[in-house]
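Worksheet for the structure shown next.
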Amino acid sequence: MEFLYFIAAILFAIIAYAVVSYFRMKKAVTTLTQDQFIEGYRKAQLIDVREPKDFAAGHILGARNIPQTQLRQRHKEIRSDKPVYLYDQNGARAGRVAIYLKKQGYDQLYQLQGGFKQWTGKIKAKS
Numbered sequence: 051m052e053f054l055y056f057i058a059a060i061l062f063a064i065i066a067y068a069v070v071s072y073f074r075m076k077k078a079v080t081t082l083t084q085d086q087f088i089e090g091y092r093k094a095q096l097i098d099v100r101e102p103k104d105f106a107a108g109h110i111l112g113a114r115n116i117p118q119t120q121l122r123q124r125h126k127e128i129r130s131d132k133p134v135y136l137y138d139q140n141g142a143r144a145g146r147v148a149i150y151l152k153k154q155g156y157d158q159l160y161q162l163q164g165g166f167k168q169w170t171g172k173i174k175a176k177s
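Residue numbers are given in the working numbering: position 23 of the sequence shown equals residue 73, and the series is strictly consecutive.
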């Protein structure tokens, strides 16, 4: 019986963590459809947070690569006074990056719904 309480407590903790994370991300970043993203990304800083090999394989035209793994060292390369448009492969990493940037004082944070794998616009790939 104690084992069941233990399992229930762990499940509750996992669910609570997921809910808190979801609302933190929702508060930190605005998720945009591809059309909304296209509308504004040319006037913003477009940041691809995937690893360099993924970026080299193909990225949205005009994007800069600042991988999530290098963000702590490189976040000052991103201006806090201009909108920041983030994307990754599927949308999960960009949300975590947005939470970090929000803590650093960035306010205008946007992410691409569905990430790069859903993108049908212009891309640049290594030849």
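Quick reminder that beta carbons are idealized off the backbone N, C-alpha and C, glycines included.
- According to the DSSP assignment, I128 belongs to no alpha helix (DSSP H), since it is labelled neither H nor E.
- For Q118, same chain residues with a beta-carbon under 6 Å away, outside a window of 5 residues either side, are V99, R143, V147 in chain order.
- When only Cα atoms are considered, Q163 and V79 end up about 11 Å apart.
- Annotated as proximal: L96 and R114, with beta-carbon spacing under 9 Å.
- Residue range 142–153 is occupied by the alpha helix (DSSP H) that includes Y150.
- In chain order, K172, I173, K174 place their CB closer than 7 Å to the CB of L111, counting only its own chain and leaving out the 5 sequence neighbours on each side.
- It is roughly 36 Å from the alpha-carbon of R129 to the alpha-carbon of A63.
- Comparing C-alpha distances from D131 to each of N140, I149, L159, A58 shows the shortest one belongs to L159.
- CA-to-CA, the gap between E101 and Y91 works out to about 20 Å.
- Our two residues, T81 and E89, have alpha carbons roughly 13 Å apart in a direct line.
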